[in-house]
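Report on the following structure.
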Amino acid sequence: MIRVNYYSGLLIFVIGAMLLLASCEKNLDIKPTAELESEYFESELRVQEGVGACYAGFHNLYGPLLNDGGGIHQILLLPGDDITHQDASRGAMEAFSGLNSANGEVNMLWTRLYQIIYRCNFMLEKLEEEAVKAVYTTEGLNAINKGEVLFVRAWCFYRLWDFFRKAPLQDTRIRTIADAVLPPSEGFQLVDKAIEDLELAATLLPDETYWPLETERGRVFNESAYGMLVKCYTLRARYNQANAADYGKAITAFEKITTRQLVHFANNFDYRYENNAESLFELQASHATDQDNAWLDNNFGGGVGQMGAMYHYSTSHWGNYVSGIYGPTKKLINAYEADDPRKEYTFANFTTNVNGDTNIPTPPWDKFDGYQLMKYAYPGRCWFEKVWGISSTNNTRLLRYGDVKLLAAEAYLQTGNTSAALQQINDIRERARRSTEDGSPSTSPANLTAVSMATIMHERFVELAAEEGIRWTDLRSWHVAGFINLSTWTAQDFGYNYDAQNFEFEAPKHLLYPIPQREMNTNPLMASSGNNPGYD
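Mapping to our numbering: the sequence shown position 273 is 288, numbers consecutive.
Next up, the structure:
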């Protein structure tokens, strides 16, 4: 956990320096070399920059920061049964071999989530100050900004609870060391807080049409909050013995989403169709006007590195030396019906010409039974900056309507409304049929005549493969809900393509990640509570 807020640390330093100068020479008039916190928020634009810094923290999760672990793709993609690695060297994430509290990806995820939370807490405090409210010229924007920051913070709380379960619930700005030493959360506390933030955010955020597309596209809107509420309520329901009340709340949130619609499947990963009608929240990837530097720290306190997204984990580009190459498991390859158009957009037996014209596919390769993972790297639909070829301006789709509809299908089924559940899943399958390259509808996948948890789980597998860590969250929570039993799964069930003797999954231990050792060393309250079960 980061212990010192940048702004407060800067303020303390500057004030101390000014007092020292004043004691030496009262008449000395030297302006500080950096702006004070009290002077920074002098206009509505400056406040928008502060809100933007909360969004910008996501670039430290999904960007190609090659000097600092390269993003969190390993921890999001390798656990589960849809994605595997080109070799067996990523055992801590894919085979759970030797996973412990010193793991670099685990520490990185924890730290970067808290970095975003701290920015949010800082901005939430500033947005309540009368002096900051006074600089607004746009009526209602202060409340909207609060809704945006609450949404971003809730997303981080959701992730912390999902991955770690117990983590300090830091919902106020840190001003002293004592403020930074908090006990671990208990039970559903973190996800409850995420829900509280999102319920309020939904009332504060505007319709999507409020934001001008030319300058403000990508900022969250009220249906973004409702979409995240569906995810939070469904996840809490699974971990609460398939709780019908939580499923009911997920349905209530889902039915408030009225403007989203399903688009061509491939358009959800195409740089030409960002922030489309299916989108609820995206990383807004961009690039420098000249060239980017993926080796600079992208933390807005030092040098700013690449502001794009990292997708070379699925290609043979030299820039993926941090992550290595990921691809589909045999289990995923065999999961699709032969004529399902989604199959080729998820993985294909041609590759992306990442060192040349990305519109022209190159011959097949010898990895993953000849298939390359294609989401975000499909020839003609992908984009990489021209100098280094590392960063992509193609937005990472963090929350889309297709995901939310399938969660709603589960909620409807678990509350007895099978017809509504069937409608959601058939909507997804009908969209898949019309997502061919030439527009001629496919015969597969056909509509279902009945729905069950098994059909919903399968549809989430083929629809959402390799997207933002969704699969591992699904599998763990379905296990706890009793829909599946991961304890009986073999290495092959997990899609592990190597020697099964190296596979070390153990339930319930690996249902959570370990609390990072750095946190255990610096927070005595966390240390006294012990690590997550099995990691002590």
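Don't be surprised by glycine CBs; every beta carbon is placed ideally from N, CA and C.
- Secondary structure of Phe296 (DSSP, three-state): strand.
- If the five residues before and after Tyr262 are omitted, its C-beta is found closer than 6 Å to the C-beta atoms of Ala252, Ala426, Gln429, Thr430, all from its own chain and listed in chain order.
- By the C-beta density criterion, Trp333 is exposed, having fewer than 16 other C-beta atoms within 10 angstroms.
- Leu156 is the residue among Leu156, Glu478, Ser112 whose C-alpha sits nearest the C-alpha of Phe236.
- The residues Arg168, Cys171, Gln185, in chain order, have a CB closer than 7 Å to that of Ile132 in the same chain once the five nearest residues on each side in sequence are set aside.
- DSSP, read as helix, strand or coil, puts Gly342 in strand.
- Counting C-beta pairs closer than 8 Å gives fewer than three between the segment 430–448 and the segment 394–410, which falls short of the contact rule.
- Using a Cβ distance threshold of 8 Å, Ile98 and Tyr341 count as a contacting pair.
- Between Met322 and Gly65 a beta carbon distance of about 17 Å is seen, past the 8 Å cut, so the two are scored as non-contacting.
- Using a 10 angstroms sphere on the CB of Ala300, the tally of other CB atoms reaches 16 or more, which defines it as buried.
- Ala363 and Pro394 have their C-alpha atoms roughly 10 Å apart.
- Residues of the same chain with a CB within less than 7 Å of the CB of Ala392, apart from the 5 flanking positions on each side, are Tyr326, Ser329, Thr330, Thr367 in chain order.
- In this structure, the straight-line span from the alpha carbon of Tyr248 to that of Ile266 is close to 9 Å.
- Residue state for Phe362 is assigned as strand, using DSSP reduced to three classes.
- In the structure shown, Ser407 adopts extended strand secondary structure according to DSSP, grouped into three states.
- About 7 Å separates the CB atoms of Lys181 and Ser544; that is less than 8 Å, so the two are in contact.
- Across the structure, Pro456 and Arg449 are spaced so that their CA atoms are roughly 4 Å apart.
- Here DSSP, grouped into helix, strand and coil, assigns Pro539 to helix.
- A distance below 7 Å between beta-carbons, with the five flanking residues on each side excluded, links Pro221 to the following residues of its chain, in chain order: Ile159, Phe236, Asn237.
- In this chain, the alpha helix (DSSP H) harbouring His473 covers 468–479.
- Counting the other Cβ atoms within 10 Å of the Cβ of Asp381 gives fewer than 16, which makes it exposed.
- One thing to note: Tyr241 has its Cβ within 8 Å of the Cβ of Ile272.
- In terms of CA proximity to Trp310, Asn75 leads the group Ala260, Asn75, Ala465.
- Secondary structure at Ala216: helix, using DSSP grouped into helix, strand and coil.
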